[in-house]
Every structure is written in C-alpha cells, then in structure tokens.
Amino acid sequence: MATAVVIGSGIGGIAAAIRLVVKGYAVTVLEANATFGGKMTQFTLPGGYRFDAGPSLFTLPQLVDDLFTLAGRTPKDYFRYQRLPIVTQYFWQDGTRLTAHANADAFAQEVEDKLGVPQEQLLKHLQKVARLYHATADTFLHKSLHKLGTFLSPDVLKTLPALPELGLTTTMHAANARAFKDPRLVQLLDRYATYNGSDPYQAPGTLNLIPHLEFNIGAYYPEGGIYAIAESLVKLATELGVKFRYNEPVQEIITEGSRTTGVRTNQGTYFAGIVVSNMDVVPTYRKLLPKQPAPEKTLRQPRSSSALIYYWGISRTFPELDLHNIFFSQDYRQEFEHIFQKGTVTHDPTVYVNITSKLTLSDAPAGHENWFVMVNVPHNAGQDWETLIQETRQRVVQKVSQSLGVNLEELITTERVWDPKGIEADTSSFAGALYGSSSNNKMAAFLRHPNFTGKLKGLYFVGGSVHPGGGIPLCLLSAKIATDLVPVVSPNVPA
Ligand code: FAD
C-alpha cells in the first residue's frame, strides 16, 4: 500500500493526514509532543479553569466541515459551532466602548452612535472588501502560487480587474486613514494586521480584506472551545485509519537522489513515498534536511509577531465583557514600532482578553472566569523575556483595572504564562513567531515557501509557515493545496 508520513500534528498536519488517507494512502503522523494540536492545544489550571492555549478566534468553519464531508461523514456528528452575535467588545482609554456586532447593519449603527461615523460609510467599505475578497480568494488562498496552472485558471479573470483596488501600493493604515477620519475606527480596522502577525503601518492595503471574514462571513465558536477542532479531526483521522505516534520527533528526512523516501525518528525509520512536513519550514530545512541546499531568501523573510499570554483564573464575572475583548493602546504606531523595529514591548500595549467561560460554562468555576490575556510582542531574538513578562504584566493589570474600575490583581487566583521562547520550544515555530513570516512586504504572498519543493520529489509542506500563511483557515487550506498535488492511490471514503 502506498504510504505517507506527516511530520507534526498541528492543524495543518491533521488536515493533511485526513486528505491523504481519503486518497488511499496508509498515513502515519509522527508528533514530537505527548499529544496533538501544536499551537491548538489546551490545558487546565488548579481551581477548575480550562484554557485553549493558542488560537481563540475561529473563522471560515466550512473548511473544517469540508474534511468530514470529504470523508463521507456528517460534520455535525463530530463538530458543532455557533456564529457569534457579537464579535468583539472594544475599549479605548478615552472611555469609549464599542460593541462590534456580527451583523454589518448593527455594527455600522453602533459605529455611528459611538464614533459619529455615518453608517453608510462603513457599510460601503464592508461591501467593497466583500467584493474584493470574492475576486481574489480563489487565486491567492485556494491554490498554489507556484504552479503555472493557477495563473491559467479562469479564476484569474476574476482577480485581474480587482488588482488596482487591492491597495498593493499603499499600507493598511494609509488606506484606512484615507477611508475614515475617526482615529478609533482606523485603529479598529488597522488591528486586523495582527491576524497574521503583521504591522498595519508596513503591511499592504490588501490585508484590509480580513474584516470581511468577521463581518460578512462571521466569527464562530466551536462547542467546547477551539481545541474541539483538533480533537474532532483527530477522532475522524483515527477512524479512517491514520496512526498517530506521540513523543516521537522526526530527526531526519531521508532522501535518495532527488526524492524523499521516508523519515528517521528517535525510534526508527519510516519508509514512505510521500512526506508532509507540518514542522515550521525553517527548522524543517535546518534540522531535518541539513545536507540539502535551503531556499535561503525564503527562509530569511522577516518573522511575524509573537505573543505574551497570561492565563488567569479570575474570581468574579464581568457582564460588560464578552468572548473577545480589546483594550486599545493610545499610540498604535508606537506599539508596532516597538514590535517590528525595536524588537521589544511598548509601555502601553493593546490587550486582548478572551474568555471562553462566557460560552462554555464549565471552563471556570461558578462565579469565576478563565481569562486568556494576550499582548502582541516581537518574535524571539534573545530578548530578556523574564523582565518583559514582569513589566508587561504590571502594565496590563493596571490598564485593565483602570478600564473596568476594579483591582484586577486581587482577582487573579491562578496563573500561567506562555512567551515567544516557550512557543518556540513547545511547537518548533521558528523564533516563536505565531504565523511564520510576516505579511509586511507587498510581495509576501509570493515569498512564502510553496507547499512542495521542486528539488525533492515526494516532499510537501503544510502549516502556518508556508503558503498561504498562518491562522487556522489558512493552515487548513495549506493542507488542501499540498495534497491536491499528491496523486490519488485508491479513493478511500468509508460509508
Ligand atoms: P503548529 O500548531 O505549529 O504545530 C506543529 C506541530 O508539529 C507541533 O505539534 C510540533 O510539536 C510538531 N513538530 C514540530 N517539529 C516536529 C518534528 N521534528 N517531529 C515531529 N513533530 C514535530 N490563529 C487563528 O486562526 N486565530 C487565532 O485567534 C489565533 N491566535 C493565536 C494565538 C496564539 C497565542 C498562537 C500561538 C497562535 C494563534 N493563531 C491563531 C495561529 C494558529 O494557532 C496557527 O497558525 C496554527 O494553529 C498553526 O498550525 P500548524 O499546522 O502550522 O502547526
């Protein structure tokens, strides 16, 4: 039987394993950690608090459903989710509070009421980004940018007329500041650069298409939290016959001439015609293929931002907070200069608070909440993280306390911290970057590593460090693009 090996069980690796087993391969997933999920893992803290460790915002759930459907299953039998009526609660230091309703009309009304921006302006903007998204997504997100066929496809005919409006020659911030006068709305729209770890003052205006996902398609919450995505897909993969082997890091990708023939782990050798790496592409080349010439220009692309995350048990509930909450900094430009130019953390960071116990009551004891508190920071370049963790913690506590009128420090019952060094150690993500390389360069989409290599037949790449980029939906798409390039052996769709 034709065999395939997947290195790593992050969301991209799990999705690739499912797609390969459906194509008829015998698939083994080799995972360095004791369990699956990579960044999409979970843990509990004393006192009865459960946390999703990494991703918290879920968009394009259809991409998860597609995997169950592909395998002949009914998605709802494995995985359920709900559309959020409110995407985010925003707080500014001038006292402005704004509810970002999922419904575009309600959101535009709120923006008019709270920020004084005429609602037609925002609605027109959201319609424009919807139009541009539909014109470009099939070409840039659903296909390889490194195959001629992509550019000969009829989808390109949809994309070409949209190119002049995509904002490739301007930055996200400049485009938003031109479209809207209110600095708070500009800041809110600039924030979408952080969805792939980029800087709105450098990233091209193209990234302004991201809000389309939240306001036109929707933000979702899986029943049981984000971890349920990985859990339900591993259940499916296991039923289909995929073998998961944990605590078994791959040490080498074996090659013969110009093709891969398998991998070597600390426990043995696995021969396979197809090898899919879900390990970050930089260590894949540096550690698993040290003798192969590496694509240096690609591997040297600047990294995306990373994060400091404080996981706190909180001994009361906050009705004014929702699942997703943002406490903005006063000087956004300075915040990004600190992350991308100075390589450190600003004194006044924007703080993101995610509280899954709002929707999954069992994630915290009654009358308590589980706070995932995140600040965007630079990737790891040897900074003094211990000091930055302590300093930033103080500032976060002070800022949120002031905004909510409480003494937050007194409410924290238990705590854990994840920093860029820890993210790198736990997931092998190069420099602890959350999303591989940043999208600060207008050519970033073309500079990311493809989902295959022309140098080694049989080797494919999936996950956040390769095309089309980081974040759950794009990692799922990377698995589709990579495995679409792999021949079908014998379709295996059990009834
Ligand atoms: P990863 O999660 O990077 O996992 C790779 C796996 O490979 C790991 O399990 C690792 O142990 C394993 N591995 C590595 N090397 C080897 C080896 N040699 N042998 C065997 N196994 C190996 N995305 C969103 O969509 N929404 C969000 O709100 C969001 N927020 C985030 C917040 C944080 C704090 C973090 C960390 C990430 C966030 N992301 C978010 C990004 C998202 O989590 C990632 O893009 C995605 O989960 C990455 O998946 P991946 O397939 O690249 O694999």
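Residues 6 to 500 in my numbering are what the sequence shown spells out, letter by letter. Think of the CB as a built atom: it goes at the ideal place given N, C-alpha and C, for glycine as much as any other residue.
Under 8 Å between C-beta atoms of residue i and residue j
{"i": "Val401", "j": "Ile12", "result": "no"}
{"i": "Ala135", "j": "Asn221", "result": "yes"}
{"i": "Tyr225", "j": "Tyr440", "result": "no"}
{"i": "Phe466", "j": "Val268", "result": "no"}
{"i": "Ile428", "j": "Pro383", "result": "no"}
{"i": "Ser14", "j": "Glu36", "result": "yes"}
{"i": "Gly53", "j": "Ala369", "result": "yes"}
{"i": "Leu326", "j": "Gln94", "result": "yes"}
{"i": "Val116", "j": "Leu75", "result": "no"}
{"i": "Asn381", "j": "Ala21", "result": "no"}
{"i": "Leu293", "j": "Ile258", "result": "yes"}
{"i": "Arg102", "j": "Asn375", "result": "no"}
{"i": "Gly59", "j": "Gly468", "result": "no"}
{"i": "Thr49", "j": "Gly230", "result": "no"}
{"i": "Gly474", "j": "Ser444", "result": "yes"}
{"i": "Tyr83", "j": "Leu241", "result": "yes"}
{"i": "Asn385", "j": "Ser311", "result": "yes"}
{"i": "Glu342", "j": "Pro354", "result": "no"}
{"i": "Trp317", "j": "Ile417", "result": "yes"}
{"i": "Phe333", "j": "Gln192", "result": "yes"}
{"i": "His472", "j": "Pro496", "result": "no"}
{"i": "Gly278", "j": "Thr8", "result": "yes"}
Beta-carbon separation (whole angstroms), residue i vs residue j, contact threshold 8 Å
{"i": "Arg4", "j": "Ala111", "result": "Summary: the structure shown does not reach residue 4, with the chain confined to residues 6 through 500, and so no result is reported for it."}
{"i": "Val378", "j": "Tyr275", "result": "Not quite, the Cβ-Cβ distance comes to about 41 Å (not below 8 Å), so this is no contact."}
{"i": "Ile234", "j": "Val69", "result": "6 Å"}
{"i": "Pro288", "j": "Phe435", "result": "6 Å"}
{"i": "Thr488", "j": "Arg24", "result": "4 Å"}
{"i": "Tyr206", "j": "Arg338", "result": "6 Å"}
{"i": "Leu72", "j": "Leu238", "result": "6 Å"}
Sheet register partners of residue i (DSSP bridge)
{"i": "Gln94", "result": "Thr104 and Asn330"}
{"i": "Ile234", "result": "Its beta-bridge partners do not exist; DSSP assigns none."}
{"i": "Phe63", "result": "Tyr225"}
{"i": "Asn375", "result": "Gly318"}
{"i": "Tyr465", "result": "Val281 and Phe457"}
{"i": "Gly43", "result": "Per DSSP, none; premise fails for Gly43."}
{"i": "Tyr86", "result": "Pro227"}
{"i": "Ala9", "result": "Val32 and Ile279"}
{"i": "Val471", "result": "His454"}
{"i": "Ser442", "result": "Arg308"}
{"i": "Phe323", "result": "Answer by DSSP bridge pairing: none, since Phe323 is not bridged."}
{"i": "Gly15", "result": "Gly42"}
{"i": "Lys248", "result": "Thr33"}
{"i": "Gly267", "result": "Ile259 and Phe276"}
{"i": "Asp57", "result": "Gln47"}
{"i": "Pro209", "result": "Thr176"}
{"i": "Asn381", "result": "Ala312"}
Proximity test, residue i beta-carbon vs the ligand FAD heavy atom, cut-off 7 Å
{"i": "Ile259", "result": "no"}
{"i": "Tyr226", "result": "no"}
{"i": "Ser495", "result": "no"}
{"i": "Thr265", "result": "no"}
{"i": "Tyr315", "result": "no"}
{"i": "Met177", "result": "no"}
{"i": "Ile12", "result": "yes"}
{"i": "Lys44", "result": "yes"}
{"i": "Val467", "result": "yes"}
{"i": "Glu219", "result": "no"}
{"i": "Ile16", "result": "yes"}
{"i": "Gly59", "result": "yes"}
{"i": "Pro254", "result": "yes"}
{"i": "Leu35", "result": "yes"}
{"i": "Ile417", "result": "no"}
{"i": "Met448", "result": "no"}
{"i": "Ala31", "result": "no"}
Min CB distance residue i to chain D below 8 Å
{"i": "Val247", "result": "Looking at the structure shown, chain D is missing, and only one protein chain is on hand."}
The ligand COA heavy atom lying under 7 Å from the CB of residue i
{"i": "Thr432", "result": "This structure lacks the ligand COA; its bound ligands are the ligand FAD."}
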